[in-house]
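Have a look at the structure below, then the notes.
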Amino acid sequence: MIRHAREGDCRNLAALSIQVWLHTYARDGIRADIAQYVLSTFTESHFEALLHNPDYRILVYTDGEHLLGYIAVNLTSHYRDESNGYEVETLYVQEHFHGKGIGKKLLAEIRSQFGGSYWLSTWVHNDPAIGFYKKQGFRDIGEVFFQLGGEQYENRVLAFSAS
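Going left to right, the sequence shown walks through residues 1 to 163 as the UniProt record's numbering numbers them.
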């Protein structure tokens, strides 16, 4: 079931985020800057703040009491200009549920609720995500860099437009 996130979801959102982020990015293991980043970023209070921010919407995909995935959008964030739409800041699905259409359903739901033009960024070495997005009709429109521990990591910017 897809629904808007509630405050009671924040602990699960934090735990799922840590799990997915570490699985995706900590390919060489955990080091201090990685641990610091995930433990300080993906907190219950972080998600509570997003729920109270009028620029953000978080939709969750649940099965009973279990959170399987979520999508967080920033309706006021733009890449280069407004023609690329709003930003999908996060689309995370627990690895056990990849390939079951959850990400596709979450993307369809944001299109239905918030409009069909949006963009996101993903790490250049996240081949499964890039492949998924391209299969969904995204096109590569640029790059941004994520900074962690004094290093920069290239991310591709991908955009989708329903028109």
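All C-beta atoms in this analysis are idealised placements derived from N, C-alpha and C, irrespective of residue type, glycine included.
So is residue i buried or exposed if we call it buried at 16+ other beta carbons inside 10 Å?
i	result
G103	buried
T122	buried
S17	buried
A14	buried
R27	exposed
V124	exposed
N84	buried
L106	buried
L91	buried
Are the beta-carbon atoms belonging to residue i and residue j less than 8 Å from one another?
i	j	result
L51	V60	no
R11	E44	yes
G69	V93	yes
D55	L39	no
I110	V157	no
F146	Y153	yes
W21	F47	no
N126	E143	no
E87	Y118	yes
Who are residue i's beta bridge partners in DSSP?
i	result
H4	L59
V88	V73
L67	T62
D28	Per DSSP, none; premise fails for D28.
V124	Per DSSP, none; premise fails for V124.
A117	For clarity, residue 117 is Ser in the given sequence; the question names Ala instead. Paired residues: S161.
Y79	D81
What span of residues does the alpha helix (DSSP H) with residue i cover, start to end?
i	result
N12	10–25
A32	32–41
S45	44–52
Q113	102–114
Between residue i and residue j, what straight-line distance do the alpha-carbon atoms span, to the nearest angstrom?
i	j	result
Q113	Y37	31 Å
A108	I30	34 Å
K134	L120	12 Å
R57	E7	13 Å
G150	Y25	16 Å
I130	F97	17 Å
M1	T62	5 Å
Can you tell me where the beta strand (DSSP E) with residue i in it begins and where it stops?
i	result
G142	139–148
A159	151–161
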